[in-house]
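**Q** Below are the structure tokens for one structure; questions will follow.
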Amino acid sequence: MTLRLFFHRDDLKANVEVLECTPHENEFAVVLRATLFHPQGGGQPCDTGWIGESQVLRVVQDPDRIIHFVDQPITPGMAPIQVDEQRRQFNTRMHTAGHLIGHFVQAMGWMPTKAHHWPGEGRVQFKPAESAKDVDAPMVQHGIEQWIARDLPRLTSLREGAREIGFGELPAYGCGGTHVRSLKDLGTVTIASLSQKKGILSVHYHVD
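The sequence shown maps to residues 288 to 495 in this note's numbering.
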């Protein structure tokens, strides 16, 4: 199983062992012993970057390994890896913003069901509980802005072997994604709109 260094480190550079590199259509599939690259999943896009001189085009989760697809072959052995900083920061901010929206709307009696933290497509979806209250965009905007102003710190924990992410006193969510160290790094989050269809509430958002 590939060791997920991004679970407990924010580093974007490391030296790791390349275990194998095999041709795959017009690309090469690379398996590392440990990786800083977040694969696509959990509503978050994958990281890109470099392994040695090879460009990492996409990263996917296999059942027990993380596969890095690159543009040119890599010789097995030790190699430097580097995650694209700009892409990682954006994806991290989008994912964290989604968590804050989840916390606020859940406190209003709605249960999170799905989240999509992609550029231009950010949304969190909820189904109503018996205690669900009316929610609008200004209300959600104000709530998350208060948390950002307090600069709540990220807290990472393990429960029954599963990684959980929380901020300050907010409840922790089970999550394999990347998140800002504290909410001051989140920047501006804009609640673009709310929509409701067949009882499902969708909160659409973006980060600037």
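No residue lacks a Cβ here, since even glycine has one placed at the ideal position from N, Cα and C. Everything numeric in this text was worked out from a predicted model, so none of it was measured.
Say the cut is 7 Å; is the CB of G339 nearer than that to a heavy atom of the ligand SAM?
**A** The ligand SAM is not part of this structure, which contains no ligands at all.
**Q** Is K420 near G396, with beta carbons less than 8 Å apart?
**A** In contact: K420 and G396 (Cβ atoms closer than 8 Å).
**Q** Quick one: measure Cβ to Cβ for C580 and V346, integer angstroms, because I've assumed they're closer than 8 Å.
**A** Outside the displayed span of the chain (288 to 495) sits residue 580, for which this structure offers no information.
**Q** Less than 6 Å between C-beta atoms, sequence neighbours within five positions excluded: which residues of the same chain meet that for H390?
**A** For H390, where only same-chain residues beyond five positions count, the Cβ hits under 6 Å are L457.
**Q** Taking the runs of the beta strand (DSSP E) that are 3 residues or longer, which of them lie wholly in the region 301-334?
**A** Fully enclosed beta strand (DSSP E) runs of 3 or longer: 314-319.
**Q** Please classify A416 as buried or exposed, where buried requires at least 16 other C-beta atoms within 10 Å of its C-beta.
**A** Burial call: exposed.
**Q** Taking the beta strand (DSSP E) that L481 falls in, what are its first and last residues?
**A** L481 -> beta strand (DSSP E) spans 476-484.
**Q** Can you tell which of R468, M365, K401 has the C-alpha that lies nearest to the C-alpha of E340?
**A** When only C-alpha atoms are compared, the closest one is M365.
**Q** Under 8 Å by Cβ, that's how I've got M381 and G407 pegged, so tell me the actual separation to the nearest angstrom.
**A** Not a contact, Cβ separation roughly 10 Å.
**Q** Which residues does DSSP pair with L488 in a beta bridge?
**A** Answer by DSSP bridge pairing, in chain order: F413, Q483.
**Q** Taking contact to mean 3 or more Cβ pairs, one atom from each stretch, closer than 8 Å, check whether the region 353-368 and the region 437-452 are in contact.
**A** Flag = no, the region 353-368 and the region 437-452 do not touch.
**Q** If you measure between the beta carbons of G330 and D371, is that distance less than 8 Å?
**A** In this structure, D371 does not lie closer than 8 Å to G330 by Cβ.
**Q** Residue range of the beta strand (DSSP E) that G453 falls in?
**A** Residues 449-454.
**Q** Thinking C-beta only, is L323 closer than 8 Å to L344?
**A** No, these two residues do not count as a Cβ contact at 8 Å.
**Q** Terminal residues of the continuous alpha helix (DSSP H) containing T379?
**A** Run containing T379: 372-394, per the alpha helix (DSSP H) assignment.
**Q** Around the C-beta of F413, are 16 or more other C-beta atoms found within 10 angstroms, so that it is buried, or is it exposed?
**A** Its Cβ being crowded by 16 or more others within 10 Å, F413 is buried.
**Q** Taking only the alpha-carbon atoms, compute the straight-line gap between Q342 and R374 and give it to the nearest angstrom.
**A** When rounded, the distance between both Cα atoms is 14 Å.
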